[in-house]
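A.B. asks:
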């Protein structure tokens with residue numbers, strides 16, 4: 001947002017305060033400023049002049065004798081160079097966009113400065129010829145003497161204005177400056193609508209009143225398409241807008257000044273305005289001659305049944321003001337902010353108008369903006385004819401917000417004792433109505449502050465303290481009783497899991513968006529059905545909230561396989577169903593495809609899961625016959641059950657190898673293993689931790705490789721092993737699984753690792769051998785044999 005100080009001075013006196021000081025005041029009391037642009041630092045010595053004589057010196061250049069503050073000889077290459085033309089001349093030594101202009105020679109002829117185009121002046125984009133001044137322009141006058149050319153512009157950081165719809169126009173800032181400096185404010189001059197109240201009303205119908213709150217319009221005939229007055233063009237260019245013609249420029253002028261977007265339709269193209277939502281998707285060509293696909297439900301401005309504009313965003317090419325237009329219909333409306341924001345994002349079209357409408361503009365500005373436009377047009381084209389009265393469809397009159405509070409609360413919240421009178425004066429300077437009622441005060445916010453940012457008593461406190469000055473509030477440490485923070489079991493458990501996976505098992509954490517990538521899901525064949533649809537997705541491929549962590553982790557693995565052959569990923573995140581949100585842990589590992597790698601990957605994943613649940617709960621997981629899971633190989637998978645009491649088991653997830661059909665999409669031969677489990681059951685579950693004295697004597701690890709039939713369910717095999725009891729056993733784990741060379745057909749070798757020791761002494765070789773014999777005897781009794 002650019003604030004022209006000369007323009008601002010129309011409404012509140014600021015020409016006696018430095019731009020830097022004003023910028024600092026605005027930053028401290030209203031909105032953060034990004035910088036100050038002073039045009040006088042980049043331009044100087046620019047005067048009006050008249051071409052007295054021209055002599056052609058080559059195919060492109062003219063030698064001109066001009067009169068400015070004195071006679072000069074200047075070389076010009078502009079095609080519209082001619083005797084009698086009045087334009088701008090920059091003298092030698094003057095600055096043009098920061099560059100110093102000197103006397104130069106062209107084809108042996110000396111040029112004392114140069115004649116300027118609109119683009120060189122920074123007024124417009126026209127570089128086709130010299131800037132043409134009206135015939136009545138006095139010559140020899142410096143440009144700053146009769147225009148706002150040498151303006152100071154303060155640029156405001158837009159993100160600090162998102163909650164202030166009243167500050168999207170220069171007049172809105174005049175209210176702030178008035179309160180900050182304690183000065184009088186002048187209102188913009190507007191047309192008296194009663195002058196045309198007897199004219200017929202232009203037909204306007206609002207069908208969708210949930211999206212269009214107010215619609216003001218008027219038809220004007222006998223208009224002329226001509227350039228805007230010089231100073232109007234300069235004001236627009238100084239605030240970042242390119243002048244085109246008076247009719248269009250005035251819509252931008254009012255928008256910058258009042259903060260109310262307007263749109264001018266060709267009057268002969270419009271018979272009746274209808275405001276309604278699109279009933280289906282369709283293609284529409286906008287003013288910029290781009291064909292855009294518009295979705296069902298988007299609010300449209302129609303000429304009877306034909307769309308002529310996207311409400312609040314951009315007009316259509318079929319109703320724009322043309323060079324031969326003789327009539328216009330002016331639109332000044334107020335639209336639903338949420339709808340405008342969603343639709344401008346959805347169709348990827350953000351304009352100055354949509355940026356303002358999405359902030360919840362003051363509905364009163366719809367009428368003021370229309371009347372201001374008519375006033376300015378009448379001042380510049382006195383021959384126009386009003387073809388209708390002011391049409392004002394306002395079915396939902398806006399109510400001012402009323403807040404009740406008291407002076408004591410305001411002072412206590414700010415932390416200093418401010419006089420009641422000062423508080424009241426501050427609020428009234430901001431155009432709030434203040435009524436004192438016994439020990440309460442009734443504060444009525446103006447409409448331009450009621451649409452968004454003023455609704456509760458804390459807002460009133462903010463208004464008082466910012467104008468009073470934050471720098472006037474002395475910092476004081478709060479007097480608080482220090483208490484230990486409440487434990488967040490959820491974060492504690494999550495961090496334990498993350499530390500375990502990251503540091504012990506060397507997994508990499510990822511943090512993904514909570515939605516599916518439909519394009520990738522289709523690629524791998526992951527089907528979606530009852531997922532929650534996002535109303536305003538960032539793209540059409542991201543319109544469903546995820547119901548599983550598998551697709552996104554699989555997508556990440558595809559990306560990482562371009563650079564690595566082996567890696568492991570995990571994410572702790574929520575998945576979404578229509579009636580619930582569930583936090584889950586997803587782990588995905590990728591390994592090179594070697595013999596028995598599927599069993600190894602599956603087994604390692606089980607070890608990781610068992611470690612997590614044993615560490616956090618002291619309980620074991622139960623792996624059961626799998627149900628069907630998308631993209632998972634049913635022959636190498638299990639459903640996972642967990643019980644807090646050891647009796648009532650509940651399903652919490654699954655583990656499995658990704659189906660071989662997925663591997664056909666990859667260039668590398670790999671094994672992908674995935675598991676997904678609910679971890680919310682772990683929150684609030686405290687593991688009973690028992691202390692056991694560490695042994696001071698050495699321990700011994702013994703490995704036993706047992707031949708097991710592949711047909712035997714692994715869970716049954718583990719249950720049999722747990723029947724072996726011995727006081728020397730300190731730890732036991734399944735270390736490896738192998739099948740292949742030297743292993744009988746239909747069997748696999750399972751390596752067990754027992755750690756044994758004594759708390760009283762160092763085990764002798766005979767005691768270790770006795771343990772081995774005892775375990776081998778146990779294995780044989782269970783029907784297994786040791787691998788040689």
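Residue numbers (UniProt numbering): 1 to 788. Note that the Cβ used here is the ideal one computed from N, Cα and C, for glycine as well. Bear in mind the structure is a predicted one, so any value in this text is a computation, not a measurement.
As an exercise, report each continuous beta strand (DSSP E) stretch of at least 3 residues that is fully enclosed by the stretch 59 to 142, in chain order.
C.D. replies: 62 to 67, 71 to 76, 86 to 90, 104 to 106, 109 to 111
A.B. asks: Pick out whichever of 282, 264, 384 has its Cα sitting closest to the Cα of residue 329.
C.D. replies: For residue 329, the nearest C-alpha among the options comes from 264.
A.B. asks: Output needed for residue 134: all residues of its chain with C-beta closer than 6 angstroms, excluding positions within five of it in sequence on either side, in chain order.
C.D. replies: none
A.B. asks: Look at the Cβ atom of residue 148, then the Cβ atom of residue 235, and state whether they are nearer than 7 angstroms.
C.D. replies: Going by beta carbons, residue 148 and residue 235 fall inside the 7 angstroms limit.
A.B. asks: Over what stretch of residues does the beta strand (DSSP E) that includes residue 577 continue unbroken?
C.D. replies: 567 to 577
A.B. asks: Considering only the beta carbon of each residue, do residue 720 and residue 750 sit closer than 7 angstroms?
C.D. replies: Contact flag unset, no.
A.B. asks: At the level of alpha carbons, what is the spacing between residue 196 and residue 371?
C.D. replies: 12 angstroms
A.B. asks: Is it the case that the Cβ atoms of residue 271 and residue 304 are separated by a distance below 7 angstroms?
C.D. replies: yes
A.B. asks: Are residue 73 and residue 65 touching if we call contact CB-CB under 7 angstroms?
C.D. replies: In this structure, residue 73 sits near residue 65, with a CB-CB distance shorter than 7 angstroms.
A.B. asks: Measure the alpha-carbon distance for residue 359 versus residue 262 and round it to whole angstroms.
C.D. replies: C-alpha separation (whole angstroms): 16 angstroms.
A.B. asks: Is DSSP giving residue 507 helix, strand or coil here?
C.D. replies: coil
A.B. asks: Taking a contact to mean a Cβ-Cβ separation below 7 angstroms, would you say residue 391 touches residue 248 in this structure?
C.D. replies: No, they are not a contact pair.
A.B. asks: What residues are listed by DSSP as bridge partners for residue 790?
C.D. replies: What the structure shows of the chain is the stretch from 1 to 788, and residue 790 is not part of that stretch, so it cannot be assessed.
A.B. asks: Alpha carbon to alpha carbon, how far is residue 714 from residue 565? Give it in angstroms, no decimals.
C.D. replies: Looking at the two C-alpha atoms, the distance is approximately 29 angstroms.
A.B. asks: May I ask you to report which of helix, strand or coil DSSP gives residue 766?
C.D. replies: helix
A.B. asks: If you draw a straight line from the C-alpha of residue 35 to the C-alpha of residue 207, how long is it?
C.D. replies: Computed Cα separation, rounded: 44 angstroms.
A.B. asks: Taking the CB atoms as reference points, tell me whether residue 178 and residue 189 lie closer together than 7 angstroms.
C.D. replies: no
A.B. asks: Cβ of residue 524 within 7 angstroms of Cβ of residue 557?
C.D. replies: Cβ atoms of residue 524 and residue 557: not closer than 7 angstroms.
A.B. asks: Quick test of your reading: residue 662 and residue 672, contact by CB under 8 angstroms. State the CB separation rounded to the nearest angstrom.
C.D. replies: 7 angstroms
A.B. asks: What is the DSSP secondary structure of residue 585, reduced to helix, strand or coil?
C.D. replies: strand
A.B. asks: Using 8 angstroms as the Cβ pair cut-off and three pairs as the minimum, do the stretch 71 to 85 and the stretch 167 to 175 touch?
C.D. replies: no
A.B. asks: DSSP state of residue 591, grouped into three classes?
C.D. replies: strand
A.B. asks: Would you say residue 309 and residue 317 are within 7 angstroms of each other, going by their C-beta atoms?
C.D. replies: Here residue 309 is not near residue 317, since their CB atoms are 7 angstroms or more apart.
A.B. asks: So what does residue 266 bridge to, in DSSP terms?
C.D. replies: 328
A.B. asks: Count the other CB atoms within 10 Å of the CB of residue 214; is the residue buried (16 or more) or exposed (fewer)?
C.D. replies: So residue 214 counts as buried.
A.B. asks: Let me know the secondary structure DSSP gives residue 683 once reduced to three states.
C.D. replies: coil
A.B. asks: Starting from residue 735, follow the alpha helix (DSSP H) in both directions and report where the run begins and ends.
C.D. replies: Segment 729 to 738 is the beta strand (DSSP E) holding residue 735; no alpha helix (DSSP H) there.
A.B. asks: State buried or exposed for residue 339, treating a residue as buried only when at least 16 other CB atoms are found within 10 Å of its CB.
C.D. replies: buried
A.B. asks: For residue 297, name the three-state secondary structure that DSSP assigns.
C.D. replies: Collapsing the DSSP output to three states places residue 297 in coil.
A.B. asks: Could you please give the first and the last residue of the uninterrupted alpha helix (DSSP H) stretch that includes residue 792?
C.D. replies: Here the chain covers residues 1 to 788 and nothing more, so residue 792 does not appear.
A.B. asks: CA-CA distance, residue 626 and residue 639?
C.D. replies: 5 angstroms
A.B. asks: For residue 570 and residue 292, what's the separation of their Cα atoms in angstroms?
C.D. replies: Their backbone Cα atoms lie some 41 angstroms apart in a straight line.
A.B. asks: Could you tell me how far apart the beta carbons of residue 544 and residue 532 are, in whole angstroms, since I believe they sit closer than 8 angstroms?
C.D. replies: 7 angstroms
A.B. asks: Go ahead and pull the three-state DSSP assignment for residue 524.
C.D. replies: helix
A.B. asks: Is it a yes or a no for the stretch 3 to 12 touching the stretch 97 to 105, going by three-plus beta-carbon pairs under 8 angstroms?
C.D. replies: no
A.B. asks: Using only the alpha-carbon positions, how far apart do residue 78 and residue 42 sit?
C.D. replies: 23 angstroms
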